[in-house]
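Engineer: Next up is a structure, given as C-alpha cells.
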Amino acid sequence: MTDIKEAMEAGLALLDKGKNLDALRELSKLEPEFAGKDTDEAADLYTAISQAYYGMNPKTDENSLPYADRAFEIHKKNNSKDAMMNDLLYSAFVEMDCNKSAEAEKRLDSAIKIAQELKDDEAFVQLLTTKADLLSGQKRRRKDAVEIYSQAADLAKKNGNMGTYFEASVGLLTMKREESDPSNVLNEAMKLIDEAEKFAMNIKAKKDRKSFLDDVSAVYDLASDIAMEMENVDEAMQIAGRMSKILSK
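Under the numbering used here, think of the first position of the sequence shown as 126, with each following residue one higher.
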C-alpha cells in the first residue's frame with residue numbers, strides 16, 4: 126500500500142507542476158490496483174487522471190469526462206455528498222470549456238441541488254455565480270444570468286461570503302456595462318471598491334488583507350477599464366493605484 130501511495134503522490138506532484146502527460150503515465154499505472162474498487166482512493170485516482178487529460182486538451186471531454194464520471198459514481202455509491210458536488214462542478218467546467226453549455230448547466234443544477242440539501246450556503250452561492258457566468262455568455266439567457274447574479278450577490282453578502290459577493294457583483298456590473306451608461310456603471314463599481322476597502326481595513330493581518338484584495342481585484346480591473354473606455358486616463362490610474370495604498374496601511 127505504501128508503494129501505491131508513493132506512486133499516487135508522485136503522479137499528483139507531476140500534475141501540480143503542469144506535467145500532464147508525465148502525470149498520466151504514472152497515474153495510469155495504478156489503475157489495475159483499483160479495478161473494481163469503490164473507495165475514496167479509487168475516486169481520487171480517476172479524478173487525477175481526468176485532470177491530466179483535461180490539462181493536455183481542455184477542448185475535448187473524450188477522456189476527461191468518463192474518468193470524472195467514474196469518480197462521481199463512486200462518491201454517489203458511497204453517499205459522499207460533498208464529493209459529489211465537487212465532481213459535478215469540476216465536470217461542468219470541463220463541459221463549459223468544450224462549449225457544451227446545456228450539459229454544463231445540467232451538472233451545475235445537480236450540484237446546486239446537493240448544496241441545498243447539505244444547507245451549504247457558501248457552496249450554494251458560489252455555484253449560483255458559476256451558473257450565472259455560464260448563462261451570461263448566452264444571448265437568450267442573459268436575463269436569467271442577471272437574476273442569478275443578483276440572487277447570489279444578495280445571499281453571499283447576507284451570509285458574509287464577501288469574496289463571492291464581489292465576484293457576483295462584478296459579473297452583474299459587467300453585464301450592465303454592455304447596456305447602460307458607462308458613467309453609471311463606473312459609479313456603481315466605485316461604490317463596490319469603497320465597500321471592498323472598508324471590509325479589507327477590518328482585516329488585521331496584512332497577509333490576509335492582501336489575499337482578500339487579490340480575490341476581489343476584478344472590481345478594480347472593471348472600474349479601471351470603464352474609466353479608460355471613457356478616456357479618463359487619470360482616474361483609471363488612480364483606481365489602479367488604490368489597492369497598493371490600502372496594502373501599505
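Quick reminder that beta carbons are idealized off the backbone N, C-alpha and C, glycines included.
Bear in mind the structure is a predicted one, so any value in this text is a computation, not a measurement.
If we ignore side chains and look at the alpha-carbon of each, how far apart do residue 181 and residue 153 end up?
Structural biologist: Along the sequence shown, read from residue 1 onward, the residue named residue 181 stands at position 56. Along the sequence shown, read from residue 1 onward, the residue named residue 153 stands at position 28. Rounded to the nearest angstrom, the two C-alpha atoms are 15 Å apart.
Engineer: To test your reading of the DSSP string, which unbroken alpha helix (DSSP H) runs of 4 or more residues are found completely within the stretch 272-356?
Structural biologist: With a minimum length of 4 residues, the continuous alpha helix (DSSP H) runs that stay inside the stretch 272-356 are 287-302, 307-325, 331-340 and 342-354.
Engineer: Could you pull out every residue in the same chain whose Cβ sits closer than 6 Å to the Cβ of residue 334, ignoring the five residues on either side in sequence?
Structural biologist: For the purposes of this step, residue 334 is identified with residue 209 of the sequence shown, where counting begins at 1. Excluding positions up to five away in sequence, the list reads 325 and 328.
Engineer: On the three-pair Cβ rule with 8 Å, is the stretch 244-264 touching the stretch 272-287?
Structural biologist: The answer is yes - the stretch 272-287 touches the stretch 244-264, with three or more Cβ pairs under 8 Å.
Engineer: Could you compute how far the alpha carbon of residue 231 sits from the alpha carbon of residue 173?
Structural biologist: Position 106 of the sequence shown, counted from the start, is the residue given in the question as residue 231. Position 48 of the sequence shown, counted from the start, is the residue given in the question as residue 173. About 23 Å.
Engineer: Helix, strand or coil for residue 183 per DSSP?
Structural biologist: Locating residue 183 in the sequence shown gives position 58, counting from the first residue. Note: residue 183 maps to coil in three-state DSSP.
Engineer: Here's a check: name, in chain order, each residue in its chain whose Cβ is nearer than 6 Å to the Cβ of residue 243, leaving out the five neighbours to either side.
Structural biologist: Numbered from its first residue, the sequence shown carries residue 243 at position 118. 206.
Engineer: Cutting at 7 Å between CB atoms, please list the residues of its own chain near residue 188, excluding the five before and the five after it.
Structural biologist: Indexing the sequence shown from 1 puts residue 188 at position 63. Once the five neighbours on either side are set aside, the close Cβ partners of residue 188 are 178.
Engineer: DSSP state of residue 255, grouped into three classes?
Structural biologist: Translated into the one-based positions of the sequence shown, residue 255 becomes position 130. Three-state result, residue 255: helix.
Engineer: Measure the C-alpha to C-alpha separation of residue 315 and residue 297 and round it to an integer number of angstroms.
Structural biologist: Counting from 1 along the sequence shown, the entry for residue 315 is found at position 190. Counting from 1 along the sequence shown, the entry for residue 297 is found at position 172. Using only the alpha carbons, I get a separation of about 14 Å.
Engineer: Could you please give the first and the last residue of the uninterrupted alpha helix (DSSP H) stretch that includes residue 189?
Structural biologist: Here residue 189 refers to the residue found at position 64 when the sequence shown is read from its first residue. Its alpha helix (DSSP H) spans residues 189-202.
Engineer: Residue 263 by DSSP, collapsed to three states: which one?
Structural biologist: Residue numbering aside, residue 263 sits at position 138 when the sequence shown is read from its first letter. It is coil, neither helix nor strand.
Engineer: Quick one: what does DSSP say residue 153 is sitting in, helix, strand or coil?
Structural biologist: By 1-based counting over the sequence shown, the position of residue 153 is 28. Residue 153: helix per DSSP, three-state reduction.
Engineer: Since residue 369 is in the alpha helix (DSSP H), which residue starts that stretch and which ends it?
Structural biologist: One-based indexing of the sequence shown puts residue 369 at position 244. Note, residue 369: alpha helix (DSSP H), 358-372.
Engineer: Quick one: give me the first and last residue of the alpha helix (DSSP H) that residue 211 is part of.
Structural biologist: Numbered from 1 along the sequence shown, position 86 holds the residue referred to as residue 211. Segment 206-222, the alpha helix (DSSP H) holding residue 211.
Engineer: If contact is defined by three or more beta carbon pairs under 8 Å, each pair taking one atom from either stretch, is the stretch 236-253 in contact with the stretch 184-201?
Structural biologist: Short answer: they don't touch.
Engineer: What whole-angstrom Cβ distance do residue 229 and residue 221 have, given they're in contact under 8 Å?
Structural biologist: Indexing the sequence shown from 1 puts residue 229 at position 104. Indexing the sequence shown from 1 puts residue 221 at position 96. Their Cβ separation, rounded to whole angstroms, is 5 Å, which keeps residue 229 and residue 221 in contact under 8 Å.
Engineer: Could you spell out the range, first to last residue, of the alpha helix (DSSP H) harbouring residue 231?
Structural biologist: For this step, residue 231 is matched to residue 106 along the sequence shown. Note, residue 231: alpha helix (DSSP H), 226-243.
Engineer: I need the straight-line Cα distance from residue 286 to residue 247, nearest angstrom please.
Structural biologist: Here residue 286 refers to the residue found at position 161 when the sequence shown is read from its first residue. Here residue 247 refers to the residue found at position 122 when the sequence shown is read from its first residue. Near 7 Å, if we compare the C-alpha coordinates of residue 247 and residue 286.
Engineer: Which residue's Cα is closest to the Cα of residue 158: 171, 341, 351 and 148?
Structural biologist: As a working note, residue 158 is residue 33 in the sequence shown. Of 171, 341, 351 and 148, the residue nearest in Cα terms is 171.
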